[in-house]
Each structure stands twice: as structure tokens, then as C-alpha cells.
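Per our numbering, residue 2 is the first one in the sequence shown, and the count goes up by one each step. I have placed the structure first, in the form of C-alpha cells, so that the comments after it can refer back to it.
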Amino acid sequence: MDKTFAVVSSIPLFNGLSAGQVEAITAIATEKRYARNQTVFSEGEPARGFYIIAEGKVKIFKLSLDGKEQILHIYGPGDPFGEVPMFAGGKFPANAQALVASRLIFLPRRDFARLLAVHPSLAMNMLAVLSRRLREFTVQIENLSLKEVPGRLAAYLLYLSTEQDDSDRVQLPISKGQLASLLGTIPETLSRIFAKMTDQGMINVQGRRITIANRQAMEELALEGRLAV
């Protein structure tokens, strides 16, 4: 219980809550552990609650009829997921899988809904998280529908540089194969784009470590979406 309390109290979703409120959340929480590549939930399953990552990494993805995977999100420690259908009382619209051995906090829908009614500040926090997710979906849809793959990659690397608080160097949190799925392409195409961006002096690549060598060119590419021939 103490370990779960420490996790819950450190999660941005629950910022500003009192110790008593955190204890109320901890009382309904269940810790679940998942091995690498283990399924957390599948598309179409009833959403009986939502999850928060205490340790590890989880991917949210869809599968096409021919089995092709499209990664929608990669979440890490502190991130909630599965919360949108939980509020609607519907089914999960996508699949969730642990990318590495992960420890998750599960919060059941019915019990959490009662807490929301009692603690309005918690409801405001949830609205803030959902609003941020909506903005992320909007950007992702724009990137996938309006930009070519080079522009999507440049935008993603610039996003990472901001998220990781380093203007020049970023560490890919996922494999390049998973990154290709996230960007809506295939690994071979992504490798060619990495090579071309390196040849044009925009980036330097050492495994998962990417150095942004020409930020202005990267910003232009993210905006225009197409590499110069």
C-alpha cells in the first residue's frame, strides 16, 4: 500500500490532491505486473477501468485487417491510459501491450467515478489530461494525413528534444521499427530517410542517440514535410 501511495502521489494526474484524497485513490487501486510483450487489453474488450504506468513502457496500437500494426502512442511512467472509454462506459478502441516488463496501477471505473463525484479537483485534473490527449491526437492526425514521412520524423525528433529538455540531443524511447509504425511507414523507408537527413547535415545518428545538427533545417522540414532532392 505504501508503495502504491508513493506512485499515486507522484503522478501528474493527481497533482494538488491532499494526502486524504490520494489515500482514497490508493484504496481502490490494484497493482498489476506485465512481462515484456504481454497484452494489457485488446481492442473491443469492455473498459472496466483505466491504468497508470508506475514502471515500464506501454504501446497503444491498432491492427489492420491484414495484420499491419499502427502505433498510436507510447506511454511511460506516470502516464494514464485507457481512461477515455472508461468514462464513456464503452469498449477499448485499441490494443495495449507492455514493451518492457511493466508495473501498472489499475483503477476500476465504478469506484473511480464515485471519487470524481466527491472530489471535484480530481475531475479538473482529468479534464486537463483529456484535453492534452486531444491536442496530441490532433497533431498526430495532421502529421499522418498532411505531411510526408520526413516531415513526420522531423516533427517527432523536435518534440523529443523539447520533452527531454535537450535542444541538441535526443534519445529514441523506442526501437526504430516501432518508430516506423508510430510514423505510419516501414523500417526500410525510415532508414533511408535517416540516412538522407544525415547526408544533408540535419542530424547525426548513433544507435538510438540522435544529435540535431541543424535545428533551422529540421524546423523547416517539420513544417514543409518534404526533403530536398
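For each residue, glycine too, the CB sits at the ideal point set by N, CA and C.
Asked	Found
Residues near Val101 by beta carbon distance below 6 Å, same chain, minus five either side	Arg37, Gly57, Lys58
Cα-Cα separation between Leu154 and Arg193, rounded to whole angstroms	12 Å
Inside the segment 48 to 126 only - beta strand (DSSP E) runs reaching at least 3 residues	50 to 56, 59 to 64, 70 to 76, 96 to 99, 103 to 109
Short CB-CB distance (under 7 Å) between Arg153 and chain D	Among the chains of the structure shown, chain D does not appear; only one protein chain is present.
Expected contact under 8 Å - CB spacing of Ile106 and Val9 to nearest Å	7 Å
Within 7 Å, strictly: CB atoms of Gly178 and Leu222	no
Alpha-carbon to alpha-carbon, Val206 and Leu18	42 Å
Sub-7 Å separation of Asp169 and Thr212 beta-carbons	yes
Touch test, the segment 31 to 47 against the segment 155 to 167, Cβ-Cβ under 8 Å, three pairs minimum	no
Residues of its chain near Pro30, where Cβ-Cβ distance is below 6 Å and the 5 sequence neighbours each way are ignored	Per the sequence shown, residue 30 should be read as Ala rather than Pro. The residues are Thr5, Ile106, Leu108.
Cβ separation of Val150 and Leu128, assumed to be a contact under 8 Å, to the nearest whole Å	With 8 Å as the limit, Val150 and Leu128 do not qualify as a contact, their Cβ atoms being about 34 Å apart.
Buried versus exposed call for Ala95 [16 or more other C-beta atoms within 10 Å across all chains shown]	buried
C-alpha distance - Asn126 paired with Phe82, whole-angstrom precision	14 Å
From Gln22, Ile204, Lys69, Phe62, residue whose alpha carbon lies closest to that of Ala118	Gln22
Outcome for Leu66 when other beta-carbon atoms lying within 10 angstroms are tallied against a minimum of 16	exposed
Spatially closest choice to Leu73 from Ala97, Val85, Ile54, Leu224, by CA coordinates	Ala97
Beta-carbon contacts of Phe15 that lie in its chain and below 8 Å, excluding the five residues immediately before and after	Val9, Gln22, Val23, Ile26, Leu123, Asn126
Cβ pair Ala218, Ile204 closer than 7 Å	no
Helix, strand or coil at Gln172 according to DSSP, with G and I counted as helix	strand
Length of the line joining the Cα atoms of Leu158 and Leu180	11 Å
Selection from Phe93, Glu189, Ala55, Pro121 that minimises the alpha carbon distance to Tyr35	Ala55
The beta strand (DSSP E) enclosing Glu220, as first and last residue numbers	It is not in any beta strand (DSSP E) - Glu220 instead sits in the alpha helix (DSSP H) that spans 216 to 225.
Candidates Ala99, Phe62, Ser182: closest to Gln39 by CA position	Ala99
Unbroken beta strand (DSSP E) run spanning Thr212, endpoints	210 to 213
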